[in-house]
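Everything on this sheet refers to the single structure shown next.
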Ligand code: SF4
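Residue numbers (my numbering): 13 to 269.
What follows is the structure, given as structure tokens:
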């Protein structure tokens, strides 16, 4: 199967039944079922950072397949509230998560050369930190998969405006599945409330998007939902290297939330 830029789910070799389901504009649950069916449980995994969208997907995925593979990245800078929701999620759903960490020697060398708070020095150093603490361990994990599931929504930010339910991830060389690509923030929270899904307490304190402690802050009313992430950078720079498409971070500025 040839893999080109912008390759979408429609380009994947699918059985007639699965292809037909995709053409009917699959729901989030259907997208997850299709992914598990198409790639197999061993070759597709969900990457969670325990944000609101991720918690919705965890709830759906565990109900579809309690043994579906779920992993997370421990950057060493996660807020205590994120650790708390991790523990609560594991307990409530009875699941086991794989926790990925950066290579200790890589972190040690980076900190020795640039300091522990290098992310505030420049965009380049911030991206270096994200690369060492997030991208490298993720890359190693994704090398064994055919597809990964993410909680991206098109309406989250300018860097995510073109997110599709199924797309080819040109950075890591596998399919990326975004079951909530077409969901609104309101719909996410309705699902959480209606299904008693555990969520990060920071969401109630003005943090719609939560990452590492030193790189995340609460937002003001009316700000973009990712305005609190790397707030000192321009909106089109705000990704950590995990979610890039068409060779760039931003595709269009739609002023989305
Ligand atoms: S979000 Fe900040 S602390 Fe976390 S990996 Fe990126 S630069 Fe480093």
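All C-beta atoms, glycine included, are put in the ideal place defined by N, C-alpha and C. All of these numbers come straight from a predicted model, not from anything done at the bench.
query	result
Would you check if there are 3 or more beta carbon pairs closer than 8 Å linking the region 45–60 to the region 76–88?	yes
Exposed or buried, residue 152, counting other C-beta atoms within 10 Å across all chains shown (16 or more means buried)?	exposed
Which value, in whole angstroms, describes the spacing of the CA atoms of residue 160 and residue 150?	11 Å
What does the alpha-carbon distance come out to for the pair residue 157 and residue 49?	14 Å
With a threshold of 6 Å, establish whether the CB of residue 162 neighbours any heavy atom of ligand 2.	Ligands displayed in this structure: ligand 1; ligand 2 is not among them.
Would you please state the rounded distance, in angstroms, between the beta carbons of residue 109 and residue 102? I believe it to be under 8 Å.	6 Å
Quick one: is residue 111 buried, meaning 16 or more other Cβ sit within 10 Å of its Cβ, or exposed?	exposed
Would you call the CB atoms of residue 207 and residue 71 closer than 7 Å?	yes
Just reading off the beta strand (DSSP E) that residue 180 is part of, what are its end residues?	178–181
Using a threshold of 6 Å, is the CB atom of residue 124 nearer than that to any non-hydrogen atom of ligand 1?	no
Report yes if the C-beta of residue 244 is less than 6 Å from at least one heavy atom of ligand 1; otherwise report no.	no
Suppose contacts are defined by Cβ-Cβ distances below 7 Å. Is residue 82 in contact with residue 62 by that definition?	no
Any heavy atom of ligand 1 within a distance shorter than 6 Å of the CB on residue 138?	yes
Within this structure, are the beta carbons of residue 91 and residue 225 separated by less than 7 Å?	yes
Which same chain residues end up closer than 8 Å to residue 148 when comparing Cβ atoms and leaving out the 5 residues on each side of it in sequence?	114, 115 and 118
Which parts of the region 161–240 are runs of the beta strand (DSSP E), unbroken and 3 residues or longer, counting only runs that do not cross its ends?	178–181 and 186–189
Could you work out which residue in 38, 37 and 47 is closest to residue 189 when comparing CA atoms only?	47
How big is the Cα-Cα spacing for residue 239 and residue 211?	20 Å
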